[in-house]
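Position one of the sequence shown corresponds to residue 1401 (this note's numbering), numbered consecutively onward. Here a beta-carbon is modelled for each residue, glycine too, at the ideal position from N, C-alpha and C.
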Amino acid sequence: MTAVTDTLLNALEHCGMVEIDGLHAFEFALDVDDNLHIECMDGRAARHWEFTPAQIQAATFDTTEQNWLIRDNVGEHRLVCLGDVISGDNDDDDDQQDA
């Protein structure tokens, strides 16, 4: 899980998926202005969140709930960083098949 001393930005750099307000999202990225965009589907409805660099920096880690608390103009959101970044290097699999 995320270490208490990490920043949210650092945690995002090392996760493969986020959970925001109970919804899982694979689509998340920083734009050229370092705004965080998160998109996912909630049933048939597309959901989108956008956070500024200041909001990302102000996010705090809740050690009890093991999630990040981040605020935007709408209110407070709970964000969980899940999984590791997946590598595109599959050379190890080829070596095992050739052996």
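Bounding residues of the alpha helix (DSSP H) (the contiguous stretch that carries residue i)
i: Ala-1459; result: Run containing Ala-1459: none; DSSP gives neither H nor E here.
Pair within 8 Å by beta-carbon distance, residue i and residue j
i: Val-1418; j: Leu-1482; result: yes
i: His-1414; j: Cys-1440; result: no
Distance between residue j and residue i (C-alpha atoms, nearest Å)
i: Pro-1453; j: Gly-1422; result: 23 Å
i: Asp-1472; j: Phe-1426; result: 20 Å
i: Arg-1444; j: Leu-1412; result: 26 Å
i: Asp-1442; j: Leu-1430; result: 21 Å
i: His-1477; j: Val-1432; result: 23 Å
i: Phe-1428; j: Gly-1416; result: 9 Å
i: Leu-1479; j: Phe-1461; result: 9 Å
i: Gln-1455; j: Thr-1464; result: 21 Å
Opening and closing residue of the beta strand (DSSP E) in which residue i lies
i: Asn-1467; result: 1467-1471
i: Phe-1451; result: 1445-1451
i: Cys-1415; result: Where Cys-1415 is concerned, there is no enclosing beta strand (DSSP E), given that its DSSP letter is neither H nor E.
i: Phe-1428; result: 1427-1430
i: Val-1474; result: Premise fails: Val-1474 is in no beta strand (DSSP E) and is neither H nor E.
Whole-number beta carbon distance between residue j and residue i, since they are thought to touch under 8 Å
i: Asn-1435; j: Phe-1451; result: 7 Å
Cβ of residue i within 8 Å of any chain D Cβ
i: Arg-1444; result: No chain D is part of this structure, which consists of one protein chain only.
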